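One structure below.
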Amino acid sequence: MQKICTKLLLILTLPVVSLCLPSIARAASETSKPNVLLIIADDLNDWIGPMKGHPQVQTPHLDKLAARGMTFMNAQVSAPVCNPSRASFMSGQRPSTTGIYHNHQFVMPEIPRGVFINDYLRRFGYTSLGAGKIYHYKQYRSEDWDKVDYSTDDTLPRHPANRRPGPFGYRMFTEGKPAEPFNEQRDESELVDYKSVSWCIEQLNEPRKNDNSFFMVCGIHRPHTPWDVPKKYFDLYPLETLQLPQVLTNDLDDVPAAGLRFANRNVHAALVKGGIWKDRVRAYLASVSYADAQIGRLLDALEKSKERDNTIVIFISDHDWHLGEKEHWAKSALWRQSTRIPMIWVAPGLTRPGTRCDRAVDVTSLYPTICELTGTPVPKHAEGISIKPLLANPKAKWKQPAIVTYLQNNHAIVTEDWRYIRYADGSEELYNQKTDVNEWINVASKSEFAKVKKNLGKFLPKINAEPVAERAEPDATPGRPARNKGKASVSGKKDPPPEGDL
Numbered sequence: 360m361q362k363i364c365t366k367l368l369l370i371l372t373l374p375v376v377s378l379c380l381p382s383i384a385r386a387a388s389e390t391s392k393p394n395v396l397l398i399i400a401d402d403l404n405d406w407i408g409p410m411k412g413h414p415q416v417q418t419p420h421l422d423k424l425a426a427r428g429m430t431f432m433n434a435q436v437s438a439p440v441c442n443p444s445r446a447s448f449m450s451g452q453r454p455s456t457t458g459i460y461h462n463h464q465f466v467m468p469e470i471p472r473g474v475f476i477n478d479y480l481r482r483f484g485y486t487s488l489g490a491g492k493i494y495h496y497k498q499y500r501s502e503d504w505d506k507v508d509y510s511t512d513d514t515l516p517r518h519p520a521n522r523r524p525g526p527f528g529y530r531m532f533t534e535g536k537p538a539e540p541f542n543e544q545r546d547e548s549e550l551v552d553y554k555s556v557s558w559c560i561e562q563l564n565e566p567r568k569n570d571n572s573f574f575m576v577c578g579i580h581r582p583h584t585p586w587d588v589p590k591k592y593f594d595l596y597p598l599e600t601l602q603l604p605q606v607l608t609n610d611l612d613d614v615p616a617a618g619l620r621f622a623n624r625n626v627h628a629a630l631v632k633g634g635i636w637k638d639r640v641r642a643y644l645a646s647v648s649y650a651d652a653q654i655g656r657l658l659d660a661l662e663k664s665k666e667r668d669n670t671i672v673i674f675i676s677d678h679d680w681h682l683g684e685k686e687h688w689a690k691s692a693l694w695r696q697s698t699r700i701p702m703i704w705v706a707p708g709l710t711r712p713g714t715r716c717d718r719a720v721d722v723t724s725l726y727p728t729i730c731e732l733t734g735t736p737v738p739k740h741a742e743g744i745s746i747k748p749l750l751a752n753p754k755a756k757w758k759q760p761a762i763v764t765y766l767q768n769n770h771a772i773v774t775e776d777w778r779y780i781r782y783a784d785g786s787e788e789l790y791n792q793k794t795d796v797n798e799w800i801n802v803a804s805k806s807e808f809a810k811v812k813k814n815l816g817k818f819l820p821k822i823n824a825e826p827v828a829e830r831a832e833p834d835a836t837p838g839r840p841a842r843n844k845g846k847a848s849v850s851g852k853k854d855p856p857p858e859g860d861l
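If you use this note's numbering, the sequence shown corresponds to residues 360 to 861, in order.
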């Protein structure tokens, strides 16, 4: 019923908004509006220079971007997996509203035209451009864009079928083989991220209809697996001196059963036993530096273009990534290392160079903030709160916590001081973000923190929409097996299949 009401609201609201759009758009076109460049990395955690998540990481281009603007040190995703996260920040709606909770649901039939920000801004005179991985899988509505160039690694020459690329291919990585850089006979320019960035660079210098301002999205696939990047990026991280992330043995002993369901403990144990944990960390770091290099190409091109001083630049990741922390690998959990992402804003005339903000925000803020900075009305369906006050003053008062959802009715409420996790069965975790940044000590059972839980619990979503239907067919990507069937969840409902595209 909740899902039906949400869809009905969208259907009733959009025609009314549409009646007003022509006159508003004409007025908007009379004044110069800023361009917007949104760059999205995939599976990138806080292992970038500005966030100091790993002491040895080399990301010179993101370092330079952060020096130009503001880095949010406590930015959270709406969901710790690709599909619901991307659907959320592009639509401005939370997973608990849309019912899009995991990677095996189609987004486009559920969210109508005019809702995604790339389509919405077009109605106000923007030229909408996109390349690379923007939505999960191959979900694109061409009519939502003026120009879009969507490609995946699947369109490129691959290794022989009996020798999958990278350390693990696309599946989980328990095989005891060392990670390998991609085939050096392939030039870096053959890789999909290089091609996506090249396309975006071309668009910076191409004339646009009526000389409109642009909204451009560049989706970078790395550091998502497979970690098959050129050898020179592996060479940045010699194995003999590489540092591993901090991990507490038996860290999960105080985690409730509902949380344990999300932990890949067997994977971590296998990597440690096989002596290849450090090898996997190296491969991830290499992919981070490769992604940084591609982002740098685009940022350098923007710097040299006439659009430099009139372009808002936003950099985010779709979610975080564990490499052993909390005895977990990959994402798909409500802990810090699954949900806390890099987020950097450069807003000419607003952000100050090299500033940091510690306020807890989530990615639903992107939609209303972009609207406010471009002088575009914020639509009613956008649930987030504009962070424009924080862009102007990183220490501005901020009462709204970040809200993260994974599957139906499992949520994390995050502030500067606390992370409160409530699962569908009512079990809880509570971590002090000031004194326990690694989230090693779950204090949810301690009576002295009952008031903290009560106050944070007020922000739990009141709506937990029923999940939308899963896509009817298995992933058709060559070489990937069909999905497994779901398992019963702690709430008694059927879970989606395991997240295959790690």
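For glycine and all other residues, C-beta sits at the position ideal for the given N, C-alpha and C. Quick caveat, the model's predicted, so the values are computed rather than measured.
Look up residue i in the DSSP assignment and say whether it is helix, strand or coil.
i      : result
ALA616 : helix
PHE448 : helix
TYR596 : coil
TYR479 : helix
TRP777 : strand
HIS420 : helix
THR794 : coil
ILE560 : helix
SER648 : helix
GLY306 : The first residue shown for the chain is 360 and the last is 861, placing residue 306 beyond what the model contains.
LYS554 : helix
ILE399 : strand
LEU658 : helix
PHE808 : helix
ALA783 : coil
ALA426 : helix
ALA622 : coil
THR486 : strand
MET531 : Residue confidence is low: MET531 scores 40 on pLDDT, short of 50, so the model does not pin down where it sits. No coordinate-derived value is stated.
VAL576 : strand
GLU788 : strand
ASN404 : coil
GLN653 : helix
Pull up the CB-CB distance for residue i and residue j, whole angstroms please, since I reckon it's below 8 Å.
i      : j      : result
ASP478 : ASP503 : 4 Å
ILE671 : PRO393 : 5 Å
ASP508 : PRO701 : Contact flag wrong, Cβ pair sits at about 24 Å.
VAL436 : ASP721 : 7 Å
TRP688 : VAL626 : 5 Å
GLU742 : THR456 : 7 Å
LEU480 : THR735 : 6 Å
ALA426 : TYR765 : With 8 Å as the limit, ALA426 and TYR765 do not qualify as a contact, their Cβ atoms being about 34 Å apart.
ALA650 : LEU403 : 7 Å
GLN767 : PRO820 : No, GLN767 and PRO820 are not in contact; Cβ-Cβ is about 10 Å, not under 8 Å.
SER648 : GLN417 : 5 Å
Decide if residue i is buried, meaning its Cβ has at least 16 other Cβ atoms within 10 Å, or exposed.
i      : result
ASP552 : buried
PRO947 : A question about residue 947 goes unanswered here, because the residues of the chain that appear run from 360 up to 861.
ALA617 : buried
ASP612 : exposed
LYS663 : exposed
ASP594 : exposed
ARG453 : buried
TRP619 : Checking the sequence, you will find Leu at residue 619 rather than Trp. Per the 10 Å Cβ criterion, exposed.
ARG695 : buried
THR697 : Checking the sequence, you will find Ser at residue 697 rather than Thr. SER697 is buried by the Cβ-count criterion.
VAL556 : buried
SER501 : exposed
LYS816 : It should be pointed out that residue 816 corresponds to Gly in this sequence rather than to Lys. It is exposed - the Cβ of GLY816 has fewer than 16 other Cβ atoms within 10 Å.
ALA755 : exposed
ALA824 : buried
ASP668 : exposed
ASP546 : exposed
ALA872 : Shown here, the chain extends from 360 to 861; a query on residue 872 therefore has no answer.
GLY785 : exposed
THR608 : exposed
SER391 : exposed
GLU686 : buried
THR794 : exposed
Is it the case that the stretch 388-403 contacts the stretch 642-659, given that we only count it when at least three CB pairs across the two stretches are under 8 Å?
In short, these stretches touch, since the Cβ pair count reaches three.
Identify every run of the alpha helix (DSSP H) within the stretch 662-733, keeping only runs that are complete inside it and at least 4 residues long; order them along the chain.
Taking 4 residues as the shortest admissible run, the stretch 662-733 contains the following complete alpha helix (DSSP H) segments, listed from N- to C-terminal end: 695-698, 725-732.
Those runs of the beta strand (DSSP E) which lie wholly inside the stretch 748-775 and span at least 3 residues:
Taking 3 residues as the shortest admissible run, the stretch 748-775 contains the following complete beta strand (DSSP E) segments, listed from N- to C-terminal end: 761-764, 770-773.
Would the stretch 664-680 count as touching the stretch 697-715 if we require 3 or more Cβ pairs under 8 Å?
Verdict: yes, contact present.
Are the stretch 755-771 and the stretch 803-810 touching by the rule of at least three beta carbon pairs closer than 8 Å?
Contact between the stretch 755-771 and the stretch 803-810 is not established, with fewer than three Cβ pairs separated by less than 8 Å.
Is the stretch 575-594 touching the stretch 739-757, taking contact as three or more C-beta pairs under 8 Å?
Proximity of the stretch 575-594 to the stretch 739-757 falls short of the contact definition, fewer than three beta-carbon pairs being nearer than 8 Å.
Taking contact to mean at least 3 C-beta pairs separated by less than 8 Å, is the stretch 564-582 in contact with the stretch 473-493?
Counting Cβ pairs under 8 Å, three or more are found: they touch.
Does the contact criterion of 3 or more C-beta pairs under 8 Å hold for the stretch 595-603 versus the stretch 784-793?
A contact between stretches requires three or more CB pairs, one per stretch, nearer than 8 Å, and the stretch 595-603 fails this requirement with the stretch 784-793.
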